[in-house]
Structures are given as structure tokens and as C-alpha cells.
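Visitor: First, the structure itself, so that you have it in front of you.
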Amino acid sequence: MYRFFEAVFFRNAKRIAILTAILFVVPSPGTANEKRPSLPPFTKADVPPAPDYSKKTSWLAKPEDPDQFDIDILWLYPTVLTGDSAWLMNISRKDLVASAELSIKTEARVFSGQANLYAPLYRQMNLAGFYLSEPDRDAIVEYGVHDVRQAFEHYMQHYNKGRPFILAAHSQGSYLLTQLLVEYWGKIGIEDQLIAGYVVGWSITDEDLRDNPSIEICDAAHQTGCFVSYNSVAPGKQKDSPVIFPGAIVVNPLTWTREDTLAPASRNRGSVFIEKNGTYQILPGFASARIANGGLEVVAEDPDRLNSKFFPEGVYHSYDYPLFAENISMNAAQRIQAYLSSGK
């Protein structure tokens, strides 16, 4: 049923190479302004072992009791491999797995207690691949492409068992998810199982919808079978964001519509920040949001808290999920209830 994924995935390896220009939300060895790493030329000897998705060690997260919830969530985490240590992520490296796990603590936690969480590990390409020629990039990125395809096929064939599911991702993970949607959505026979997709930190564009009209963008809080996309910036900083593209379609996570009216901070149920001691600080009313020029303009109570060394000032990519964490959590519950009530 899912074998046709393979051919299309490899035809799109060139498009996936640009992912390496995007840095992840968690602290990692590299930054956008550092001198690019000096890695030796890539060879087959640099390729780590492929994940075996029948084994628990190939999953960042997989439920011990898959019957705990009637809903699944498939989470695709973004880039964690930078620096000059390797061209491809070895999924046995504990430091990289720990960085990937941080995405669950800071982002995917919004779905906690609502569904079975599945998150595959994969051999992602180092950020340094962005500086290579197209043929050299393609030779490296194809391993991550292969792994994501295998992970999704394995999940659908062995774990999903017909359950409704949510798709969620951030940054590079959202790029991969967007490519899956553009190429496959409407053709694979599982569309009726989708509760919603949160494709955050990457742009779904008008061109994507022209390429695949089966992709439906959310425009109401209880709508199901649709996708949410947005990229957070300070007012007027859209052009500084590396993930806002021409024709980007935006859903406001405070209203769950595409209307461009201001959603005041009073509608924000809580931005969530993780403290150094591992505890969470929940700040209701921390930020407002308004759709403008392909971005989600955010006015925050403390904007300095949202800047990071990974992105230009005013680009809040690192906080796309934390800024609206409590609203996303509630919305996932709303869409789950709406789906279950629909009798699908």
C-alpha cells in the first residue's frame, strides 16, 4: 500500500537539501554566524548504520502501551547535527539523541496525555551540507530521506492499526512533512484518519496547494482533516526569517483562523518556557498574534526572552511552539473531540 512512497521521495532529494540552512530550536554546537565547519569530503565510509524501525532504539519516542490512547501522534523533530563531527547523524550518539529529546520536552509536550507519541530517529544531514554543491548534498541527504520514508511506512504497517492520528513537526521536520503532503496526500487512503496536522516552523504555500489541492488548511478551531502552519516573528521581521516564503499561508494559533485581525494577548492561555532546573513556567497573556505578510507577528511582554543566537533578532523560530503551548494543547483536544464525535 505504501511502496509508492519510495520513488517520489528520492525524486525530491534535491529539495530536501535546503533544510540544512535551518537551525533547530535547542542549544547545539553551531550557530548561524559561526565559521562553517571543516569536514572532510563525504564518502560511503561516513554512512552510519541504518535505523531498524522494528527496534525500540530506532525511535526517539514510542509508547510502551499503544492501547493507552485511541489516538496517535507522529512527531518529526528538526536538525540537531551541526559542527564538524560527522556528515550524518548516527542515531546511537547519545548527545544527539538527547538534543532531539529536548524537542519533545519543549514542543511535543503540548500533546502530552492526549495520544500515543511516535517519533522516529533518522540519519539527518549536518548543517554544513548547505555549503556543498548540489550533487554532493544529494549524496548525503538521501540517507535521511530513506529513513523518514521507512519510518512512516513501518508506523503505518505495524503500529497505527487504523487509529486516528495527528501529524506534528517543527522546522526541518515540518519541511519533510510538507513534502510528504504535497507528493502523497489524497492518494494513500489514510486521509480520513487525520485529525489535524501541525506543520509549524515552515511555510505551506499557495504553490503547495496548487500542486496538491487535497491539502486543506485549517480555518476553525474544531475543524478536522486540515493543517496548521505559521512562523513567529516580531512585527516587520518577516524578511529576516529563513522559513517564510512567498505565498506562505498562516493560521493564527490564538484564533485558529486565517483572519488577519489582531488576537490580543488576553487570548493566549499560556506561553510555556522550560527553566534550567527542568521545571516549566507558564505565562498566560505573554504574547499577542496577528497574521501579516506571510508571517505571524508576535508582540510579547518580554521580547528579549524570545531572541536567540541561532536567528536574527525578532525571528522567534525557536519559540513557535512554546509561545502558544497552552492554546495548541487545548486545540488538539478540541480537534480530537470533534473527530471522535463525527463518527468517522
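Going left to right, the sequence shown walks through residues -32 to -1, 1 to 312 as mature numbering (1 follows the signal peptide of the UniProt record, and there is no 0) numbers them. Think of the CB as a built atom: it goes at the ideal place given N, C-alpha and C, for glycine as much as any other residue.
Tell me which residue opens and which closes the beta strand (DSSP E) that residue 138 is part of.
Guide: From DSSP, the beta strand (DSSP E) with residue 138 extends over 133 to 138.
Visitor: Using the Cα positions of residue 215 and residue 261, report the straight-line distance between them to the nearest angstrom.
Guide: One C-alpha to the other measures close to 9 Å.
Visitor: Hey, how far is the Cα of residue 322 from the Cα of residue 256?
Guide: With the chain covering -32 to 312 only, the question about residue 322 has no answer from this structure.
Visitor: Considering only DSSP beta bridges, list what residue 256 is partnered with.
Guide: In DSSP, residue 256 forms a bridge with 267.
Visitor: Compute the Euclidean distance between the alpha carbons of residue 203 and residue 239, then round it to the nearest angstrom.
Guide: Near 18 Å, if we compare the C-alpha coordinates of residue 239 and residue 203.
Visitor: Do residue 283 and residue 201 have their C-beta atoms closer together than 8 Å?
Guide: Against a cut-off of 8 Å, the Cβ pair of residue 201 and residue 283 comes out as a contact.
Visitor: Let me know if residue 335 comes out buried or exposed under the rule of 16 or more other beta-carbons within 10 Å of its beta-carbon.
Guide: The chain is shown only over -32 to 312; residue 335 falls outside these bounds and no answer can be derived.
Visitor: Looking at residue 329: is its Cβ nearer than 8 Å to the Cβ of residue 188?
Guide: Within the shown structure, residues of the chain are numbered from -32 to 312, placing residue 329 beyond reach of any answer.
Visitor: Our contact map puts residue 301 next to residue 147 with C-beta atoms below 8 Å; I'd like the distance itself, whole angstroms only.
Guide: The Cβ separation is near 28 Å, so there is no contact.
Visitor: Fully enclosed by the segment 160 to 198, which beta strand (DSSP E) runs are 3 residues long or longer?
Guide: Those beta strand (DSSP E) runs which fall completely within the segment 160 to 198 and span 3+ residues are 162 to 168 and 194 to 196.
Visitor: Using CA coordinates, which residue listed in 291, 96 and 101 is at the minimum distance from residue 6?
Guide: For the residues 291, 96 and 101, the minimum Cα distance to residue 6 belongs to 96.
Visitor: With a threshold of 7 Å on Cβ separation, who are the neighbours of residue 205 within its own chain once the five nearest residues in sequence on each side are excluded?
Guide: Excluding positions up to five away in sequence, the list reads 282 and 283.
Visitor: Going by other Cβ atoms of all chains shown within 10 Å of its Cβ, with 16 needed for buried, is residue 154 buried or exposed?
Guide: With fewer than 16 Cβ atoms within 10 Å of its Cβ, residue 154 is classed as exposed.
Visitor: Could you round the C-beta distance between residue 27 and residue 90 to whole angstroms and report it? I think they count as a contact, below 8 Å.
Guide: Contact doesn't hold; Cβ gap of about 10 Å is too wide.
Visitor: Leaving aside the five residues before and after residue 114 along the sequence, list all residues of the same chain whose C-beta is less than 7 Å from its C-beta, in chain order.
Guide: Nothing meets the Cβ criterion.
Visitor: Please report the straight-line C-alpha distance between residue 74 and residue 307, rounded to a whole angstrom.
Guide: Rounded to whole angstroms, residue 74 to residue 307 spans 26 Å at the Cα level.
Visitor: Please list the terminal residues of the continuous beta strand (DSSP E) segment that includes residue 241.
Guide: Counting along the chain, the beta strand (DSSP E) containing residue 241 begins and ends at 239 to 242.
Visitor: From residue 143 to residue 244, what does the alpha carbon distance come to, in whole angstroms?
Guide: C-alpha separation (whole angstroms): 29 Å.
Visitor: Does the separation of the CB atoms of residue 132 and residue 163 fall below 8 Å?
Guide: Yes, Cβ-Cβ distance for residue 132 and residue 163 is below 8 Å.
Visitor: Taking the alpha-carbon positions, what's the residue 103 to residue 312 distance?
Guide: When rounded, the distance between both Cα atoms is 45 Å.
Visitor: Can you tell me whether residue 236 is helix, strand or coil according to DSSP?
Guide: Coil at residue 236, not helix or strand.
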